[in-house]
Amino acid sequence: MSPRVIEIPRTPYTTYANRLLLTMAVLFGLVWWGQWYITAPWYDGLYWFVQSALIGSVADWFAVTALFRKPLGVSFHTELIPRNKNRLIEGIIRMVNTKLLTYDQCKRAIERVQFVPFIDQYIRSDVGRNTVRQGIATVLSELWERRSDREWAQWGAQRLRKFLHNQSFIGPMQQTLLHVCEHNRYESVVIRGIDYLQRALYTPKAQQWLEAVIKEEIEKRKKDVVSAMLIGLSEGLNIVNVQEMARAIIEEVHQMLERWKQPNSTERLVWLHQWVGPLQHMASSRSITKTLDDAIQQWIDVQDWELMLEEYVCPRIREGMVSADGTSPMAIALESSFQELWNHYCEEPGMVERLEEALTHIMLHIASKSHGFIGIIIREVLQSLSTERFIHFIESKVEEDLAWIRINGALVGGVAGLGTWLFLYYVYEPVLHGLGIL
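In the numbering used here, each residue carries its 1-based index in the sequence shown increased by 805.
Written as structure tokens, this is what we have:
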């Protein structure tokens, strides 16, 4: 498969130069043929003009072409640019580093730029807000996907146990219970707890537990043969029915709790108030506090926090965090918080100036560290080009100027030839005739 030939788009001036060269060649052929038939003096001037224009056009075409290729197959001092490719590349790099894009020029340009207005305008725009939101969503998604729900649950449970073990629950619990029992604080929470307890009373587990407690108490009452016989007879005659007793107790407790649910229930307040004294002396009793603390610590250890986090917490976090299009609730909330924080800092006196100074310092640091890469990038890009592509790169930048050199060569050559003929015909030959030489 033959390599693809790079097509160089020609400018109109290159076409004009080629047409001018062809025109001069055709005119020279006609004028050369016509000199054998026309002997008028003006024809000699035309001959000199066309001949010199052709010579200038051919010479400049050869010179321009020799910069890039071998005109007419001549290899002596031709293909100047391909032969000196590395030197040209180094020259371009030096020109860029020392003339066009020096560090001082970059520094002055950076110091003139006000970054905060551009950033502020972008962040407040719909496009900017969407970009920030999607960026936050991407970070959150990638962060969460690094582990499975089970791994996150284990990680969270380990830290949750450590956190709970380091907490002291006795003091806050005592104060909360005193507020409830003595001052009727948190009544709405207490009422919701009573309502939950009422619903729990009618569950099968509560019924079975209460029946087991009643049976255990009945067994304890069988202290001797007589009491055992009486209790057994009562059970046989269905006088003592465990299921009915459990249902009756549950119903009685439910009715009591229903009265306690009423706002400012006197019965509830009286029952709670009797615990004020014991609660006040609870903190001074080391045995009680140690027993409660040990029970709480044991409860923390036996709880399956991994399962609870995996089943209930992780799915909610995934719903709130993971979203590819930036519509997750957490991404939206964080983006809103970011907007509020940005607006606050932009309105803070002196904050914009400090932020502008910090951004300028960052950009100057980046420029100082990366300025040397400009030459490396230019060198790598230009050296990676093939000879034809490198020629095309250079030629495309100066093609119009080279075409004008060829056009000017033809015009200057023609004018010079015509001027020479005029000098010879009107000055040189009359002088020689006057001197009798001719």
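Beta carbons: idealized from backbone N, C-alpha and C, even for Gly.
Per-residue DSSP class, three states only, for residue i
| i | result |
| --- | --- |
| residue 1139 | helix |
| residue 973 | coil |
| residue 940 | helix |
| residue 1070 | coil |
| residue 1176 | coil |
| residue 1242 | coil |
| residue 1047 | helix |
| residue 1059 | helix |
| residue 1165 | helix |
| residue 1080 | coil |
| residue 946 | helix |
| residue 1185 | helix |
| residue 951 | coil |
| residue 1155 | coil |
| residue 1233 | helix |
| residue 843 | coil |
| residue 989 | coil |
| residue 1092 | helix |
| residue 978 | helix |
| residue 1086 | coil |
Residue i, enclosing alpha helix (DSSP H) - first and last residue
| i | result |
| --- | --- |
| residue 882 | No alpha helix (DSSP H) contains residue 882, which DSSP labels as neither H nor E. |
| residue 1201 | 1192 to 1228 |
| residue 1245 | There is simply no residue 1245 to check, as the chain begins at 806 and stops at 1243 in what is shown. |
| residue 1109 | It is not in any alpha helix (DSSP H) - residue 1109 carries neither H nor E in the DSSP assignment. |
| residue 872 | 846 to 873 |
| residue 1125 | 1119 to 1126 |
| residue 893 | 890 to 900 |
| residue 906 | Careful: residue 906 lies outside any alpha helix (DSSP H) and carries neither H nor E. |
| residue 929 | 920 to 929 |
| residue 996 | 992 to 1006 |
Minimum Cβ-Cβ distance from residue i to chain B less than 8 Å
| i | result |
| --- | --- |
| residue 1219 | Structure shown: chain B not included; a single protein chain is present. |
Close beta carbons around residue i, own chain, < 6 Å, minus the five adjacent residues each side
| i | result |
| --- | --- |
| residue 1158 | none |
| residue 1139 | 941 |
| residue 902 | 1180 |
| residue 1192 | 887 |
| residue 949 | 1126 and 1127 |
Member of the options whose CA lies at the smallest distance from the CA of residue i
| i | options | result |
| --- | --- | --- |
| residue 1066 | 907, 997 and 919 | 997 |
| residue 869 | 1226, 1144, 1016 and 822 | 822 |
| residue 1016 | 981, 982 and 1055 | 1055 |
| residue 1173 | 851, 906, 876 and 889 | 906 |
| residue 1222 | 903, 849 and 962 | 849 |
| residue 1101 | 1047, 923 and 973 | 973 |
| residue 1074 | 1116, 946 and 995 | 995 |
| residue 1060 | 1093, 1004, 1086 and 1008 | 1004 |
| residue 1021 | 891, 837, 1072 and 1047 | 1047 |
| residue 1182 | 1072, 1201 and 895 | 895 |
| residue 1053 | 1096, 1094 and 1007 | 1007 |
Same chain, Cβ closer than 8 Å to residue i, five either side skipped, listed in chain order
| i | result |
| --- | --- |
| residue 1198 | 1187 and 1190 |
| residue 1078 | 986 and 987 |
| residue 1069 | 989 and 992 |
| residue 882 | 871 |
| residue 886 | 872, 873, 893, 1195, 1196 and 1199 |
| residue 816 | 1204, 1205 and 1208 |
| residue 1120 | 954 |
| residue 1085 | 983 |
| residue 851 | 836 |
| residue 1211 | 822, 825, 826, 862, 865, 866 and 869 |
Spatial neighbours of residue i in its chain, beta-carbon cut-off 7 Å, leaving aside the 5 residues before and after
| i | result |
| --- | --- |
| residue 999 | 1062, 1065 and 1066 |
| residue 1169 | 912 and 915 |
| residue 856 | 833 and 1222 |
| residue 1143 | 937 |
| residue 1134 | 1125 |
| residue 824 | none |
| residue 864 | 1214 |
- Message: I want to know whether the region 1216 to 1223 touches the region 917 to 929 - three or more CB-CB distances under 8 Å.
- Response: no
- Task: Taking 8 Å as the threshold, find out whether the region 1005 to 1021 comes into contact with the region 968 to 982 through three or more Cβ pairs.
- Result: no
- Message: Three or more C-beta pairs under 8 Å: does that hold for the region 829 to 846 against the region 1173 to 1187?
- Response: no
- Task: Check whether the region 1142 to 1152 touches the region 923 to 934, taking contact to mean three or more Cβ pairs, one atom from each stretch, closer than 8 Å.
- Result: yes
- Item | the region 1105 to 1118 contacting the region 954 to 968, beta-carbon criterion three pairs below 8 Å | yes
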